[in-house]
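A.B. asks: Input: one structure, supplied below.
In full-length UniProt numbering, the protein residues as written are 1 to 225.
Below is the structure:
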């Protein structure tokens with residue numbers, strides 16, 4: 001079955017170029033010229049397997065689109081943008097983006113990044129490996145967290161931070177190390193994104209249990225209790 005990539009960009013030349021290239025690579029391709037159209041396509045069932053999302057669009061920009069869909073769309077989101085400011089990189093990643101690619105980009109490098117993100121998604125297996133932490137359960141194979149029969153809606157990076165910490169319970173991880181392990185050693189951005197994701201993760205886990213499993217070790221980092 002072909003994997004589906006959603007391209008969201010208001011520059012038609014870029015959309016056409018990417019669409020033609022990705023079709024030749026064997027993907028199914030959806031396109032949207034603005035944020036509102038992107039929301040409708042992202043909510044299709046089954047949804048896209050990966051989203052290429054432009055930041056600078058009139059009306060609803062890419063950051064707003066990501067903020068709107070991240071909690072209900074689990075696929076990788078790759079920002080495409082000409083904005084080079086570090087604050088923009090941090091914002092995009094803290095909103096749940098998985099990669100940040102600057103325009104103009106090399107099409108071969110973009111293809112390699114798309115392939116790498118989709119490979120990670122395919123590593124999921126159909127066999128459950130569920131463990132319990134108090135009232136909460138974690139299914140590492142399905143990459144799901146929940147309580148009883150209800151699933152907790154975690155964004156991709158929130159889950160990956162939880163997975164890293166919970167698989168190494170008691171071990172302290174610095175923000176920098178979490179950033180390297182979750183975002184990648186060559187990721188462009190700022191470990192401050194870790195703080196934002198931990199804050200959001202704790203807020204969601206509080207729906208299950210009052211006392212958070214994610215403990216702050218002041219001046220050092222975080223660990224799973």
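Even for Gly, the Cβ is constructed at its ideal location relative to N, Cα and C. Computed from a prediction, not measured in an experiment: that's the story for all the values here.
1) Looking only at C-alpha atoms, which of 18, 160, 195 and 155 sits nearest to residue 218?
2) Are the CB atoms of residue 103 and residue 80 nearer to each other than 8 Å?
3) Taking C-beta to C-beta, are residue 154 and residue 162 nearer than 8 Å?
4) Do residue 69 and residue 112 count as a contact pair if the criterion is CB distance below 8 Å?
5) With 16 as the cutoff for other CB atoms within 10 Å, does residue 156 come out buried or exposed?
6) Contact check, residue 48 vs residue 6 under 8 Å by CB: the rounded distance?
7) Measure the alpha-carbon distance for residue 37 versus residue 50 and round it to whole angstroms.
8) Mapping the DSSP letters down to three states, classify residue 208 as helix, strand or coil.
9) Of all the options 14, 52 and 193, which has the alpha carbon lying nearest to the alpha carbon of residue 88?
10) Helix, strand or coil, according to DSSP, for residue 152 in the structure here?
11) Within the same chain, show all residues whose beta-carbon is closer than 8 Å to that of residue 137, passing over the 5 residues directly before and after it, in chain order.
12) Could you check what DSSP says for residue 88 in three-state terms: helix, strand or coil?
13) For residue 53, does the count of other Cβ atoms within 10 angstroms reach 16, so buried, or fall short, so exposed?
14) What are the partner residues of residue 52, as DSSP defines its beta bridges?
15) Considering only residues of the segment 156–181, which uninterrupted alpha helix (DSSP H) runs meet the minimum length of 4 residues and lie entirely inside it, listed in chain order?
16) Okay, do the segment 90–101 and the segment 72–79 touch, 3+ Cβ pairs below 8 Å being the bar?
17) Have a look at residue 177 and residue 168 and give me their C-alpha separation to the nearest angstrom.
18) Measure the alpha-carbon distance for residue 10 versus residue 200 and round it to whole angstroms.
19) Under 8 Å by Cβ, that's how I've got residue 65 and residue 39 pegged, so tell me the actual separation to the nearest angstrom.
20) Going by beta carbon distance, what residues of the same chain come within less than 8 Å of residue 173, once the five residues before and after it are set aside?
C.D. replies: Looking at the atomic coordinates:
1) Here residue 218 corresponds to residue number 218 of the chain shown, with the count starting at 1. Answer by Cα proximity: 195.
2) Taking the first residue of the chain shown as 1, we reach residue 103 at position 103. Taking the first residue of the chain shown as 1, we reach residue 80 at position 80. In contact: residue 103 and residue 80 (Cβ atoms closer than 8 Å).
3) Translated into positions along the chain shown, residue 154 becomes position 154. Translated into positions along the chain shown, residue 162 becomes position 162. Closer than 8 Å, so yes.
4) If you number the chain shown from 1, residue 112 lands on position 112. If you number the chain shown from 1, residue 69 lands on position 69. Going by C-beta atoms, residue 112 is not nearer than 8 Å to residue 69.
5) Sequence index remark: in the chain shown, residue 156 carries index 156 (1-based). Burial call: buried.
6) Here residue 48 is taken as the residue at index 48 of the chain shown, counted from 1. Here residue 6 is taken as the residue at index 6 of the chain shown, counted from 1. Sure, about 4 Å apart at Cβ, within 8 Å.
7) Walking along the chain shown from the start, residue 37 turns up at place 37. Walking along the chain shown from the start, residue 50 turns up at place 50. Roughly 16 Å between the two C-alpha positions.
8) For the purposes of this step, residue 208 is taken as the residue at position 208 of the chain shown. Of the three classes helix, strand and coil, the one that applies to residue 208 here is coil, per DSSP.
9) Counting from 1 along the chain shown, the entry for residue 88 is found at position 88. Among 14, 52 and 193, the Cα nearest to that of residue 88 belongs to 193.
10) The count along the chain shown starts at 1 and reaches residue 152 at position 152. Here residue 152 sits in coil by DSSP.
11) Residue 137 sits at position 137 when you count from the first residue of the chain shown. So the qualifying residues of the chain are 130, 131, 145, 146 and 147.
12) The residue given as residue 88 occupies position 88 in the chain shown. The answer is helix: DSSP assigns residue 88 an H, G or I state.
13) In the chain shown, counting from the first residue as 1, residue 53 sits at position 53. Result: buried.
14) Taking the chain shown and counting its residues from 1, the one referred to as residue 52 is at position 52. For residue 52, which the question treats as bridged, DSSP gives the partners 7 and 78.
15) 156–167
16) yes
17) As a first step, residue 177 must be located in the chain shown, where it is residue number 177. As a first step, residue 168 must be located in the chain shown, where it is residue number 168. Answer to the nearest angstrom: the Cα atoms are 13 Å apart.
18) To locate residue 10, count along the chain shown from 1; it is residue 10. To locate residue 200, count along the chain shown from 1; it is residue 200. Whole-angstrom Cα-Cα distance: 30 Å.
19) To locate residue 65, count along the chain shown from 1; it is residue 65. To locate residue 39, count along the chain shown from 1; it is residue 39. About 7 Å separates the two Cβ atoms, so the contact holds.
20) As a working mapping, residue 173 is identified with position 173 in the chain shown. So the list reads 164, 165, 181, 221, 222 and 223, once near-sequence residues are dropped.
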